[in-house]
Amino acid sequence: EASVAILISGRGSNMMALVEQARGYRVALVASDKPDAAGLDWAKQRGLATWALSPRGIGKAAYEAALDTALRDAGVGTIALAGYMRLLSDDFVARWRGRIVNIHPSLLPKYKGLDTHARAIEAGDAFGGCSVHVVTEELDGGAVLGQSQVPIVAGDDADTLAARVLTAEHALYPHMLAEFVMTPFDRVRDTALKLPEVEERPSHG
Ligand code: GAR
């Protein structure tokens, strides 16, 4: 069974969904850049291993080095970002290439970054939603593994839409993570990463 770490920065409702609906993977660690993240208490009460460290004071490189060690010590093979609100460095992403997934509250490639729900409403979109994608160096730019869409209705504001999307997130993410950890790494994850294609050279001679 695949060992997964879930990285959170706050509430952790997606982490809870991933734990409660775990199938085909085991949650080996819940880690956070915020030692006071509410989700950590929930994870501890469930008897899950937790790790937390603030990058403040020690700097990003030292923080990520410590995180990397914690992940490897826990035997983690896959990282699931779940409301993890910090950018991972290019170095970190490279070390875990093809092994990090994220859930983003928009229908990517629309609305990368923050304030996704307000931007969808402002644009007059008929649907909002969420996307599970592979994490690359490009913010919210890796291959999309799956999406779920919800209607935007009259009177919606960012909060009401966020709540509707969040319910969809909790249904989508565990399913996508189970699928992702089952995917043969070399064959399909490379495709998902959109590695540059090597052009076949016609052989002369
Ligand atoms: C979720 O809606 C997640 O998609 C979003 O933050 C929320 C975290 O809630 N993530 C991002 O915006 C990532 N840029 P949770 O802590 O209850 O899972």
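Under full-length UniProt numbering, the first residue of the sequence shown carries the number 4, and numbering increases by one thereafter. Heads up, the beta-carbon is just placed ideally off N, CA and C, and yes, glycines get one too.
Item	Value
Could you say which of SER134, ILE155, ALA157, GLN152 lies nearest to ALA146 if we only look at CA atoms?	SER134
I'd like to know whether the C-beta atoms of GLY86 and ALA31 end up nearer to each other than 7 Å.	no
Can you check whether the CB of TRP54 is closer than 7 Å to the CB of ALA73?	yes
Count the other C-beta atoms from every protein chain shown that fall within 10 angstroms of the C-beta of GLU172, then say buried if there are 16 or more, exposed otherwise.	buried
Alpha carbon to alpha carbon, what distance is there between TYR28 and ILE124?	36 Å
So, helix, strand or coil for PRO199, using DSSP?	Low local confidence applies: a pLDDT of 47 at PRO199 is under 50, so the model's placement there is unreliable, and no value is given.
Below 7 Å CB to CB, which residues in the same chain sit around ASP128 once its five sequence neighbours on both sides are set aside?	ILE155
I'd like to confirm the pairing. Which residues does DSSP put opposite HIS107 in its beta bridges?	SER134
Need the endpoints of the alpha helix (DSSP H) that ARG29 sits in, please.	Where ARG29 is concerned, there is no enclosing alpha helix (DSSP H), although the beta strand (DSSP E) it sits in stretches over 28-35.
So is the beta-carbon of PRO177 under 6 Å away from any non-hydrogen atom of ligand 1?	no
Spatial neighbours of ALA69 within its chain, please: CB distance less than 6 Å, with the 5 preceding and 5 following residues excluded, ordered by chain position.	LEU56
Distance, Cα to Cα, GLY158 vs GLU4?	45 Å
Got a sec? Which residues, its chain only, sit under 8 Å from GLY116 by beta carbon, not counting five neighbours each side?	LEU142, ASP143
Using only the heavy atoms of ligand 1, determine whether one of them is closer than 6 Å to the beta carbon of ARG14.	yes
Which of the three DSSP states is assigned to GLY144 in this structure?	coil
Does ligand 1 have even one heavy atom less than 6 Å from the beta-carbon of PRO112?	no
GLN150 and LEU110 - do their beta-carbons sit closer together than 7 Å?	yes
Quick check: what's the CA-CA separation for PRO108 versus MET18?	15 Å
Do ILE155 and ligand 1 come close, with the Cβ less than 6 Å from some heavy atom?	no
Applying the criterion that 16 or more other CB atoms from any shown protein chain within 10 Å of the CB defines a buried residue, is ARG102 buried or exposed?	buried
State yes or no: is the C-beta of ALA83 nearer than 6 Å to some heavy atom of ligand 1?	no
Taking DSSP as the reference, what is the three-state secondary structure of SER16?	helix
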